[in-house]
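Heads up: the sequence shown begins at 1 in full-length UniProt numbering, then just goes up one per residue.
Every residue gets a Cβ at the ideal spot worked out from N, C-alpha and C, and that includes glycine.
Some notes on the structure that comes next.
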Amino acid sequence: MSSTRPTYEDVYRASIEEPERFWLEAAEALDWATPPTRALDDSAAPLYRWFPDGRLNTAHNALDRHVLAGHGDRAALIWDSAMTGQCRSYTYAELLDEVARFAGVLRAQGVAAGDRVVVYLPMIPEAAIAMLACARIGAVHSVVFGGFAAAELAARIDDAEPVALVTASGGLEPGRTVEYLPIVAKALALTATPPRTVIVKDRPEVPGSAADATDGANWLDWDASMSEAAPVDAVPVAATDPLYILYTSGTTGKPKGVVRDNGGHAVALTWSMRYLYDISPGDVWWTASDVGWVVGHSYIVYGPLLAGATSVMYEGKPVGTPDAGAFWRVVADHGVRALFTAPTAIRAIRKADPDAALLAQYDISSLRTLFAAGERLDPDTYEWAGRVLDRPVVDHWWQTETGWAICANLRGLEPMPIVAGSPSVPVPGYRVRIVDAEGAPVAAGTEGNIVIELPLPPGTLPGLWRDEERYRRSYLSTFEGYYLTGDSGYIDADGYVYVLGRSDDVINVAGHRLSTGSMEAVVAAHPAVAECAVVGIRDELKGQRPSGYVVLKAGADIDPERLREELVAMVRDRIGAVATFRDVTVVAALPKTRSGKILRKTMRQIADQEEYTVPSTIEDPAVLDALAAQLSAR
Numbered sequence: 001m002s003s004t005r006p007t008y009e010d011v012y013r014a015s016i017e018e019p020e021r022f023w024l025e026a027a028e029a030l031d032w033a034t035p036p037t038r039a040l041d042d043s044a045a046p047l048y049r050w051f052p053d054g055r056l057n058t059a060h061n062a063l064d065r066h067v068l069a070g071h072g073d074r075a076a077l078i079w080d081s082a083m084t085g086q087c088r089s090y091t092y093a094e095l096l097d098e099v100a101r102f103a104g105v106l107r108a109q110g111v112a113a114g115d116r117v118v119v120y121l122p123m124i125p126e127a128a129i130a131m132l133a134c135a136r137i138g139a140v141h142s143v144v145f146g147g148f149a150a151a152e153l154a155a156r157i158d159d160a161e162p163v164a165l166v167t168a169s170g171g172l173e174p175g176r177t178v179e180y181l182p183i184v185a186k187a188l189a190l191t192a193t194p195p196r197t198v199i200v201k202d203r204p205e206v207p208g209s210a211a212d213a214t215d216g217a218n219w220l221d222w223d224a225s226m227s228e229a230a231p232v233d234a235v236p237v238a239a240t241d242p243l244y245i246l247y248t249s250g251t252t253g254k255p256k257g258v259v260r261d262n263g264g265h266a267v268a269l270t271w272s273m274r275y276l277y278d279i280s281p282g283d284v285w286w287t288a289s290d291v292g293w294v295v296g297h298s299y300i301v302y303g304p305l306l307a308g309a310t311s312v313m314y315e316g317k318p319v320g321t322p323d324a325g326a327f328w329r330v331v332a333d334h335g336v337r338a339l340f341t342a343p344t345a346i347r348a349i350r351k352a353d354p355d356a357a358l359l360a361q362y363d364i365s366s367l368r369t370l371f372a373a374g375e376r377l378d379p380d381t382y383e384w385a386g387r388v389l390d391r392p393v394v395d396h397w398w399q400t401e402t403g404w405a406i407c408a409n410l411r412g413l414e415p416m417p418i419v420a421g422s423p424s425v426p427v428p429g430y431r432v433r434i435v436d437a438e439g440a441p442v443a444a445g446t447e448g449n450i451v452i453e454l455p456l457p458p459g460t461l462p463g464l465w466r467d468e469e470r471y472r473r474s475y476l477s478t479f480e481g482y483y484l485t486g487d488s489g490y491i492d493a494d495g496y497v498y499v500l501g502r503s504d505d506v507i508n509v510a511g512h513r514l515s516t517g518s519m520e521a522v523v524a525a526h527p528a529v530a531e532c533a534v535v536g537i538r539d540e541l542k543g544q545r546p547s548g549y550v551v552l553k554a555g556a557d558i559d560p561e562r563l564r565e566e567l568v569a570m571v572r573d574r575i576g577a578v579a580t581f582r583d584v585t586v587v588a589a590l591p592k593t594r595s596g597k598i599l600r601k602t603m604r605q606i607a608d609q610e611e612y613t614v615p616s617t618i619e620d621p622a623v624l625d626a627l628a629a630q631l632s633a634r
């Protein structure tokens, strides 16, 4: 059966050979106050700007445009809270009204175009409303993950210098509540640049309200302010004006604020929803992430609404709220067409329900595709998900800095083969290369540094907040003419990219440079292993040696020594004796960030008995404490 869709090869070639025409045509999908006549401004290279003469408003394109086109009754946002048992749906017209009125609240507090607003909220609809309201009046939002410690919140306030902060009485986690207001009050006491106004959404499940504040600041109640607010119209801004600042996870010292522009961002996300994710207006789309991360910015709030789709916002976990069937329940309840989640969520579901028995309780016939990103999708997890779901499982690779996928298997184009272990091919607009330590290109199949030839496509970061020198130093200076991804990998003879891990995850064993990501892929293939991490630890003889940490699948019954012997044999067989892989530790859980990334650096520091700082982004500090205790007892 022939496909009438464009081929990847044709679309990719057009994006590389005729980028000006390609991206101006993509921009036609949006409403512009002043349509751009140019796509790329390269006059200040290597600092690039997209659609330099265009003006638009992102919130107008996400909401007003669809209402004006007669689609106001279409569902825009569905909030599903496994924590409270509540479910609330907003049509495009209803969401527009909420956003326009909260924009009026901000305007009444003196927030103007270019001002910054920090958003410190849990996974509730008000998070999306606040973000879109900022965009509506040209203010720059900076979302900080709800529950971050006061010192981390204060550091971000100091860097962004917001005029307002939007928060809630707290967030809900399985078995506990997190009160936000004491954290906010402490952060305001720590910061040198406190905002003029704090707006609080009172959640009845969590103690605290704006009335409890005693610091003399202007604390307002969300609901009371909204009841008095007058809606405001969208304000056109330059396409090159900032939409938001997002601080990268795991930063230490001065936060690193990734800036996203308005025009390039809207064009790239609109294009990606159609051609990468194959999502059309009216389709139900679910990104199981948090608005505090870039995935939540791009594909809970902005991307789906720009596309005219219905976005599901989920407050809950893949397991424990109440069980490992939670995701399948959400898919069934809302007719989800495509689900985007992190591999760690899939592994958690598999660990708790290895035979997918709970899946049989739900009708997931609406689901067409499972997308995964955020960390490497190991072949074993890929194969399990594909088998139990009987649907394509599509890995793709991107970063906070890029804002959307660098490599993917584009489902809105003519289908391409999916290859386990690879996020497939470069997305149109991205010129991905592999270079050695000197910046010279390497042959197909040879591991090296993954870089992207400049300019980056629309939607990627134009820089860091008020720190051009740091932007150049962090991303542009290592290899002239390239953006440094910080990842290592290779491209095979068919053009498929393989991401093996961060460049600093390459270890040196007796002079041999070896990727811990390659070893993890081998270890993860063992039938008893649910997930794993391999880190390089000190070795007096060889300099470094790999050390493996594994979490067993639920019900797995295997002697630890036998497991170690089998894993050693597997690594020896597939990578070679040179890896000297012999350390295997079975752990109850791996320490991770809230976005699912394994804290490999911290694990290495613990194993090497070095001083370490518990990262602000950690999901559960108790897991790190348990690992430290387990290793010190050996």
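Compare the C-beta of residue i against all C-beta atoms of chain D and say whether one is closer than 8 angstroms.
i       : result
Ala-385 : Looking for chain D here will not work: only one protein chain is present.
Whole angstroms are fine: how far does the CA of residue j sit from the CA of residue i?
i           : j       : result
Ala-187     : Val-586 : 38 angstroms
Val-118     : Arg-196 : 12 angstroms
Ile-300     : Met-131 : 11 angstroms
residue 650 : Ile-245 : Within the shown structure, residues of the chain are numbered from 1 to 634, placing residue 650 beyond reach of any answer.
Ala-324     : Leu-454 : 43 angstroms
Val-11      : Val-442 : 25 angstroms
Thr-91      : Glu-610 : 53 angstroms
Leu-159     : Val-497 : According to the sequence as given, residue 159 is Asp; it is not Leu. Spanning the two alpha carbons is a distance of roughly 36 angstroms.
Val-184     : Leu-121 : 11 angstroms
Lys-254     : Thr-4   : 50 angstroms
Glu-315     : Cys-134 : 23 angstroms
Thr-252     : Leu-68  : With a pLDDT of 43 at Thr-252, under the threshold of 50, the modelled position of that residue is not reliable, and no figure is offered here.
Ala-326     : Leu-220 : 35 angstroms
Arg-600     : Val-534 : 8 angstroms
His-334     : Trp-79  : 10 angstroms
Asp-390     : Ile-418 : 14 angstroms
residue 669 : Trp-50  : This structure does not reach residue 669, given that the chain is present from 1 up to 634, and the question cannot be answered.
Thr-191     : Ala-210 : 19 angstroms
Gly-85      : Glu-205 : 12 angstroms
Glu-565     : Asp-583 : 10 angstroms
Tyr-483     : Gln-361 : 47 angstroms
Comparing C-alpha positions only, which one of the options sits nearest to residue i?
i           : options                               : result
residue 651 : Val-178, Asp-64 and Gly-175           : The first residue shown for the chain is 1 and the last is 634, placing residue 651 beyond what the model contains.
Thr-369     : Leu-563, Asp-487, Trp-286 and Ala-133 : Trp-286
Ser-366     : Thr-321, Ala-420, Ile-279 and Val-550 : Ile-279
Asp-467     : Gly-481, Met-570, Val-259 and Ala-408 : Val-259
Asn-61      : Asp-41, Leu-96, Trp-50 and Arg-74     : Leu-96
Leu-306     : Val-163, His-71 and Ile-124           : His-71
Ala-75      : Arg-574, Ser-547, Thr-310 and Val-522 : Thr-310
Val-319     : Leu-359, Ala-151, His-334 and Val-237 : Leu-359
Ala-127     : Trp-222, Ala-238 and Ala-385          : Trp-222
Ala-150     : Thr-617, Arg-433, Ile-450 and Ala-93  : Thr-617
His-396     : Val-388, Gly-374, Asp-390 and Gly-403 : Gly-374
Asp-290     : Arg-107, Trp-271, Gly-596 and Thr-177 : Gly-596
His-141     : Cys-87, Pro-204, Thr-460 and Thr-58   : Thr-58
Gly-459     : Val-451, Trp-398 and Met-83           : Trp-398
Leu-476     : Tyr-48, Glu-18, Tyr-302 and Leu-24    : Tyr-48
Ser-43      : Thr-37, Pro-35 and Pro-52             : Pro-52
Arg-538     : Gln-630, Met-416 and Ala-607          : Ala-607
Quickly, what does DSSP pair residue i with across the bridge? List them, please.
i       : result
Arg-55  : Thr-34 and Ala-238
Arg-116 : Val-140
Asn-218 : Thr-197
Trp-285 : Ser-311 and Ala-338
Trp-50  : Leu-40
Gly-489 : Gly-448 and Val-499
Check whether the Cβ of residue i sits closer than 7 angstroms to any heavy atom of the ligand MG, and report yes or no.
i       : result
Ser-366 : The ligand MG is absent from the structure shown, which contains no ligand whatsoever.
Return the chain-ordered ranges of every alpha helix (DSSP H) run that is complete within the segment 409-482 and spans a minimum of 4 residues.
468-471
Three CB pairs or more closer than 8 angstroms across the segment 526-535 and the segment 346-361:
yes
Alpha helix (DSSP H) runs wholly inside the segment 321-378, at least 4 long, in chain order:
326-334 and 343-352
Is there contact here, the segment 480-499 with the segment 282-297, by at least three beta-carbon pairs under 8 angstroms?
no
Are three or more beta carbon pairs between the segment 98-109 and the segment 226-243 nearer than 8 angstroms?
yes
List in chain order: all unbroken beta strand (DSSP E) runs of 3+ residues lying wholly within the segment 118-178.
140-143, 164-168 and 170-173
Using 8 angstroms as the cut-off, can you tell me whether the segment 231-238 makes contact with the segment 196-205, which would need three or more C-beta pairs spanning the two stretches below that distance?
no
Scan the segment 502-561 and note each continuous alpha helix (DSSP H) run of 4 residues or more that stays entirely inside, going in chain order.
516-524
I want to know whether the segment 375-383 touches the segment 400-408 - three or more CB-CB distances under 8 angstroms.
no
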